[in-house]
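J.: Just so you know, we're using our numbering here: the sequence shown kicks off at 11 and counts up by one. By construction, the Cβ of each residue, glycine as well, lies at the ideal position given by its N, Cα and C atoms. All values reported here derive from a predicted model rather than from experimental measurement.
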Amino acid sequence: MPEAITSFNKTISPDDPIYKPEMNRYWLYLAAGCPYASRVLITRALKGLHPVIGVSFTHWMLGDDGWKFLTADPKKMGENAFRVDGGIAGFSNDTSYRIGDIKDDSSRLFIDGSFDPHYGVKSVKELYMMSNSKYTGSFSVPILWDLKTKTIVNNDSGEIIRILNSSFNEFINPNVKERNIDLAPPHLIPELNNYNNWLGPNINYGVYKVGLAKSQSEFENETISFFDSLDKVERKLEYRFDLLKESYSDETEILKRFFLHANHITDSDIRLFTTMIRFDSIYSYHFTCNYKLIRTDYPFIYKWLQNLYWNHPAFRDTTNFDHIKLFYTRSNKLCNPLRLTPLGPKEDIPKL
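#1: According to DSSP, is ILE173 helix, strand or coil?
#2: Considering only the alpha carbon of each residue, which of ARG340, LYS335 and TYR319 lies closest to PRO360?
#3: Please report the distance separating the alpha-carbon of ARG54 from that of ASN300.
#4: Residues in its own chain within less than 6 Å of SER66 by CB, not counting five upstream and five downstream?
#5: Considering only their Cβ atoms, is the gap separating ASN321 from LEU265 smaller than 9 Å?
#6: Specify whether the segment 21 to 36 and the segment 97 to 104 touch according to this definition: at least 3 beta carbon pairs, one from each stretch, less than 8 Å apart.
#7: Give the range of the beta strand (DSSP E) segment to which ILE109 is assigned.
#8: Would you say the segment 141 to 158 touches the segment 63 to 78, given that touching needs at least three Cβ pairs under 8 Å?
#9: So, for ASN19: in the same chain, excluding its five sequence neighbours on each side, which residues have a beta-carbon less than 7 Å away from its beta-carbon?
#10: By the 10 Å Cβ neighbour count, where 16 or more other Cβ atoms means buried, how is TYR249 classified, buried or exposed?
#11: Quick one, are the C-beta atoms of ILE311 and GLU244 less than 9 Å apart?
#12: How long is the line joining the alpha carbons of ASN142 and TYR308, rounded to whole angstroms?
#13: Is it the case that the Cβ atoms of SER48 and ASP358 are separated by a distance below 9 Å?
#14: In chain order, what residues of the same chain have a beta carbon less than 6 Å from the beta carbon of PHE289, not counting five sequence neighbours either side?
#15: Whole alpha helix (DSSP H) runs in the segment 141 to 200 with 4 or more residues, listed along the chain?
#16: Tell me which residues share the same chain as TYR46 and place their Cβ nearer than 6 Å to its Cβ, disregarding the 5 neighbours each side in the sequence.
#17: Taking only runs that begin and end inside the segment 57 to 103, name each unbroken beta strand (DSSP E) of 3 or more residues, in chain order.
#18: Tell me whether LYS242, by its Cβ, gets closer than 8 Å to a heavy atom of the ligand FMN.
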């Protein structure tokens with residue numbers, strides 16, 4: 011009999027008795043609008059793992075019955091699952107346009123989402139129940155799935171990032187630079203863990219605390235607290251930029267090294283990016299979190315954000331503003347009873 015659990019926290023390793031690294035053994039189930047699932051998609055792209063691990067996307071709408079997949083003939087998946095964007099149209103589209111006529115039950119294949127080509131499940135919940143019928147936690151994404159044992163390996167985005175960072179390097183094409191990217195080098199682990207533990211409640215979830223406030227006083231307190239935290243991020247990035255200026259006079263050279271903790275991307279950059287890329291386009295509107303904007307009030311965060319989006323394809327190619335805006339405005343009636351989706355900003359992320 012399965013054991014009652016509330017989360018899945020296994021790893022993939024040659025030393026693990028069950029989950030060992032293998033080509034095309036594992037699958038990702040994600041939602042393009044969810045910032046936590048987006049972390050995993052970015053990591054997969056950064057590491058060049060799209061030929062190694064396939065992906066299915068839920069519909070952008072998170073209804074009362076949870077995340078749903080589209081249905082289609084498994085043959086229609088083809089190689090889409092092994093593309094960086096999972097075959098979904100709309101990634102890398104950073105100019106706003108009208109999407110108000112899209113219905114909640116729209117089922118445009120490879121636009122509104124994709125499907126599960128392995129078992130034909132219609133919901134994320136079915137995957138959880140297939141893995142463990144006594145699971146009592148939330149039916150969330152991301153999911154790192156093992157096709158061999160038909161079980162969930164892990165459903166924690168931070169842990170999945172670390173797994174993808176280190177467990178599949180042997181399968182990455184040795185001729186591509188991604189093989190050498192280490193998003194969590196051993197000497198930085200304590201610093202990264204400490205910063206990520208602060209980032210989660212204060213920034214990643216901090217913006218939700220603002221949007222989900224139950225009273226004016228709670229809203230104002232959470233707003234001030236969130237922007238105080240954002241000020242700290244700004245100061246950290248300003249310090250990093252000024253430090254780099256001492257060694258490099260050319261901004262192009264500075265931007266090649268302009269990241270939170272080191273002269274290369276770490277998992278902290280990924281964790282911060284998925285919140286910041288959503289901020290001006292949806293959080294400022296949907297969560298009424300508009301005390302300041304990234305593009306007008308945080309020059310160093312903004313430069314860092316533009317640099318990641320425009321100079322590192324793994325970030326742009328895994329960002330879908332249509333799914334992001336529709337997910338929040340259509341799924342969360344508490345913050346937006348009329349479920350109006352913002353037309354702007356005209357440019358979701360202006361060019362650097």
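T.: Inspection of the coordinates gives the following:
#1: What you label residue 173 is simply residue 163 of the sequence shown in a count that begins at 1. Here ILE173 sits in helix by DSSP.
#2: Numbered from its first residue, the sequence shown carries residue 360 at position 350. Among ARG340, LYS335 and TYR319, the Cα nearest to that of PRO360 is on TYR319.
#3: Within the sequence shown, residue 54 is the residue found at index 44, counting from 1. Within the sequence shown, residue 300 is the residue found at index 290, counting from 1. One C-alpha to the other measures close to 32 Å.
#4: Position 56 of the sequence shown, counted from the start, is the residue given in the question as residue 66. Closer than 6 Å at Cβ, skipping near neighbours: TYR39, SER124 and ASP126.
#5: The residue given as residue 265 occupies position 255 in the sequence shown. The residue given as residue 321 occupies position 311 in the sequence shown. Going by C-beta atoms, LEU265 is nearer than 9 Å to ASN321.
#6: no
#7: Here the question's residue 109 lines up with position 99 in the sequence shown. From DSSP, ILE109 is part of no beta strand (DSSP E); its letter is neither H nor E.
#8: yes
#9: Residue numbering aside, residue 19 sits at position 9 when the sequence shown is read from its first letter. ASN164, ASP166 and GLU169, listed in sequence order.
#10: Walking along the sequence shown from the start, residue 249 turns up at place 239. Burial call: exposed.
#11: By one-based count along the sequence shown, residue 311 stands at place 301. By one-based count along the sequence shown, residue 244 stands at place 234. Contact: yes.
#12: Numbered from 1 along the sequence shown, position 132 holds the residue referred to as residue 142. Numbered from 1 along the sequence shown, position 298 holds the residue referred to as residue 308. Their Cα atoms are separated by approximately 45 Å.
#13: Locating residue 48 in the sequence shown gives position 38, counting from the first residue. Locating residue 358 in the sequence shown gives position 348, counting from the first residue. Not in contact: SER48 and ASP358 (Cβ atoms no closer than 9 Å).
#14: Taking the first residue of the sequence shown as position 1, residue 289 is located at position 279. These residues qualify, in order along the chain: ILE304.
#15: 167 to 176
#16: By one-based count along the sequence shown, residue 46 stands at place 36. Around TYR46: SER167.
#17: 64 to 67
#18: Judged by which ligands are present, the structure shown has none, so any question about the ligand FMN falls away.
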